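Enquirer: Below is a structure I'd like to ask you about.
In this note's numbering, the protein residues as written are 47 to 413.
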């Protein structure tokens with residue numbers, strides 16, 4: 047599910063970029079425009095298909111959750127999710143304006159500018175997403191909910207930088223629970239102040255610090271990756287737990303932005319250390335790394351692959367020395383069982399920590 051969510055986020059960012067560059071979907075034919083949905087809906091039966099859309103949208107964004115659940119019958123949202131997000135929209139001050147063009151009976155293309163407390167706080171427009179909308183037998187069976195995905199990821203970056211990310215993992219791609227509005231409103235003023243001075247290097251730093259600091263939900267959210275998740279056996283979860291057990295510390299320094307535009311290219315120094323470094327008094331390892339900040343919010347590697355897939359920042363010399371230590375001792379079986387040779391696993395990290403002092407003495411004599 048979390049991998050699917052990441053794919054949806056990536057697609058939403060592509061749509062967001064198209065809108066920012068003027069790539070709105072155009073429609074033709076007679077157009078009927080409704081007023082912004084800022085007031086509570088009436089409960090009388092809608093007269094026509096456009097009335098159904100207007101009534102459903104009004105209910106959804108005003109917090110009339112039961113009426114919204116009656117009027118939306120969607121394949122990708124169950125009634126409880128519609129009710130929960132209706133409460134979210136009411137709490138966050140969600141407002142949608144409709145401009146719909148009927149293409150055939152019951153089928154519309156609707157321009158859906160969307161605003162809420164977050165867009166108001168930073169002076170952001172509503173966007174110009176155009177979505178296909180379908181009405182069948184008096185209910186809405188297809189509808190596109192406009193979301194400002196880049197802004198929501200940016201809020202996630204801020205929360206991760208402040209150690210406040212807990213609970214936000216479900217707040218970047220809808221359907222949103224009402225708790226997301228609570229988090230967003232409680233942090234709204236601080237986020238607005240933070241974003242005024244944030245630089246691309248700051249966002250890359252937060253992504254790497256989340257990974258090495260043990261926060262899988264934040265690390266996966268802030269990385270350019272569509273196929274992985276934080277389930278216990280996933281690559282990110284395993285590697286992040288490995289680094290957490292080893293007490294890894296990372297800093298991103300001396301970054302230079304080498305190109306801008308839609309995606310920012312950065313050249314940085316990554317400083318890495320862990321318990322093994324401390325045990326033998328070795329300073330942090332410094333490596334040069336290239337990053338791309340995709341769409342201004344998600345950290346990728348130089349070729350737009352996941353940043354942790356190539357040239358993973360770690361001290362490979364110390365990692366290799368532990369392998370030699372186990373070969374010379376009686377730990378080779380445990381080393382193989384913990385998959386230390388091919389992966390970064392919690393089992394491998396525990397094996398290192400359980401034998402840290404003995405390895406350090408061996409390293410001092412043989413390193």
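We put the beta carbon where it would ideally sit given N, CA and C, even for glycine. If you're wondering where the values come from, they're calculated on a predicted model, not measured in any experiment.
Are the beta-carbon atoms of residue 229 and residue 322 separated by less than 8 Å?
Expert: no
Enquirer: Alpha carbon to alpha carbon, how far is residue 375 from residue 401? Give it in angstroms, no decimals.
Expert: 11 Å
Enquirer: Just to confirm before moving on: does the CB-CB distance between residue 298 and residue 372 stay below 8 Å?
Expert: no
Enquirer: Are residue 173 and residue 191 closer than 8 Å when you measure CB to CB?
Expert: no
Enquirer: Hey, how far is the Cα of residue 208 from the Cα of residue 152?
Expert: 47 Å
Enquirer: Among the residues of its own chain, which have a CB less than 8 Å from the CB of residue 380, if the five just before and after it don't count?
Expert: Closer than 8 Å at the Cβ level, and outside the excluded window around residue 380, lie 372, 397.
Enquirer: Buried or exposed, going by whether 16 or more other CB atoms sit within 10 Å of the CB of residue 179?
Expert: buried
Enquirer: Mind checking residue 99: buried by the 16 CB within 10 Å criterion, or exposed?
Expert: With 16 or more other Cβ atoms within 10 Å, it is buried.
Enquirer: Throw me the rounded Cβ distance for the residue 21 and residue 318 pair, which I believe falls under 8 Å.
Expert: Because residue 21 is not part of the residues shown, which for the chain are 47 to 413, the question remains open.
Enquirer: Tell me residue 295's beta-bridge partners as DSSP assigns them.
Expert: 319
Enquirer: Have a look at the DSSP bridge pairing and note the partners of residue 177.
Expert: 156
Enquirer: Taking all protein chains shown into account, decide if residue 112 is buried (16 or more other Cβ within 10 angstroms of its Cβ) or exposed.
Expert: Exposed is the call here.
Enquirer: What alpha helix (DSSP H) runs, 4 residues minimum, are completely inside the stretch 314–372?
Expert: 321–325
Enquirer: Alpha carbon to alpha carbon, what distance is there between residue 333 and residue 294?
Expert: 15 Å
Enquirer: Relative to the C-alpha of residue 330, which candidate in 340, 296, 347 has its C-alpha closest?
Expert: 296
Enquirer: Give me the Cα-Cα distance between residue 29 and residue 383, rounded to the nearest whole angstrom.
Expert: A question about residue 29 goes unanswered here, because the residues of the chain that appear run from 47 up to 413.
Enquirer: Cα separation between residue 193 and residue 160?
Expert: 7 Å
Enquirer: Quick one: Cα of residue 306 to Cα of residue 218, how far?
Expert: 24 Å
Enquirer: Which of the three DSSP states is assigned to residue 226 in this structure?
Expert: helix
Enquirer: If you follow the alpha helix (DSSP H) that residue 239 is in, where does it begin and where does it stop?
Expert: 234–241
Enquirer: What separation, rounded to the nearest whole angstrom, lies between the Cα atoms of residue 95 and residue 205?
Expert: 42 Å
Enquirer: In angstroms, rounded to a whole number, what distance separates the CA positions of residue 246 and residue 302?
Expert: 9 Å
Enquirer: Tell whether a beta-carbon distance below 8 Å holds between residue 142 and residue 107.
Expert: With a cutoff of 8 Å on beta-carbon distance, residue 142 and residue 107 are scored as near each other.
Enquirer: Residue 236: which of 131, 195, 354, 168 sits nearest, CA to CA?
Expert: Scanning 131, 195, 354, 168 for the CA closest to the CA of residue 236 turns up 168.
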